[in-house]
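My numbering numbers the first residue of the sequence shown as 46 and each following residue consecutively. Taking it in order: structure first as structure tokens, then the write-up.
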Amino acid sequence: MKRLEQGPKPYWPEALTDLNISSGTAMQIEQVGSKQRMKSEWLGSIGQQHVYIRAPKGAPRLVFGTRLRVRMLQDNWVCAFEAEIYAHIDKPEPLWVLKYPSTFEVARLRQDNRLPVAIRVRVDGADPLVGPERVNALMTDLHLRGAALESHLSLGEVGDQIFITTRLDFADTEHLVML
46 MKRLEQGPKP YWPEALTDLN ISSGTAMQIE QVGSKQRMKS EWLGSIGQQH
96 VYIRAPKGAP RLVFGTRLRV RMLQDNWVCA FEAEIYAHID KPEPLWVLKY
146 PSTFEVARLR QDNRLPVAIR VRVDGADPLV GPERVNALMT DLHLRGAALE
196 SHLSLGEVGD QIFITTRLDF ADTEHLVML
């Protein structure tokens with residue numbers, strides 16, 4: 046008997062380009078065999094041929110073919126790969142051109158994708174005798190298992206139960222939402 050999978054398959058990037066890495070994404074670089082770490086930035090890639098990064102400040106001029114280990118965070122992914130230096134570009138600013146990696150490793154940073162939001166909320170403790178009472182806060186992201194809140198006051202400890210209330214406008218009608 047064949048088992049049918051229900052629901053959507055989880056997304057998993059098959060190529061580095063699938064991560065849609067933004068220009069300016071911070072990277073950590075180290076020469077393979079060395080423990081010295083350098084900071085750089087992803088600038089872009091050309092197909093699956095080359096990767097362009099900003100030359101780390103104060104880094105020695107490494108010879109072509111030097112293997113580098115690169116690590117970065119992109120959205121909800123931790124990414125690592127090894128690549129060789131293919132070329133140096135000095136002007137208009139120092140850049141390193143790396144050969145596109147043949148393999149790369151990725152792991153989810155969090156189980157759920159987070160949706161960035163900016164929603165004003167009011168927070169009350171689940172127990173009226175303990176916890177916050179009518180504290181204004183800002184919900185900064187939302188996901189299937191929770192949310193991130195920012196406030197000038199302590200809202201409790203991780204795992205505490207709280208009530209979140211906000212007002213949202215849909216189709217010219219104001220709705221009171223309680224979570």
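For glycine and all other residues, C-beta sits at the position ideal for the given N, C-alpha and C.
Around R159, the same chain offers N121, D186, L187, H188 and A193 as residues with beta carbons nearer than 8 Å, after the five sequence neighbours per side are excluded. In terms of Cα proximity to C124, the closest of F149, F215 and T62 is F149.
Within the stretch 123-196, the runs of beta strand (DSSP E) that reach at least 3 residues and sit entirely inside it are, in chain order, 140-144, 149-153, 160-170, 180-188 and 191-195. Distances from the CA of G103 to each of M72, K84, V162 and Y145 were compared; the closest alpha carbon is that of K84. For R116, the enclosing beta strand (DSSP E) covers residues R112 to Q119. The way I'd put it, the stretch 95-109 does touch the stretch 124-144; three or more beta-carbon pairs between them come closer than 8 Å. The straight-line gap separating the alpha-carbon atoms of H133 and E86 is approximately 15 Å. The three-state reading of DSSP puts T62 in helix, counting H, G and I together. L113 places its beta carbon 8 Å or farther from that of I91. According to DSSP, residue pairing for F208 in a beta bridge involves D169.
Rounded to whole angstroms, the gap between the alpha carbons of K136 and A100 is 11 Å. In chain order, V115, P146 and F149 place their CB closer than 6 Å to the CB of F126, counting only its own chain and leaving out the 5 sequence neighbours on each side.
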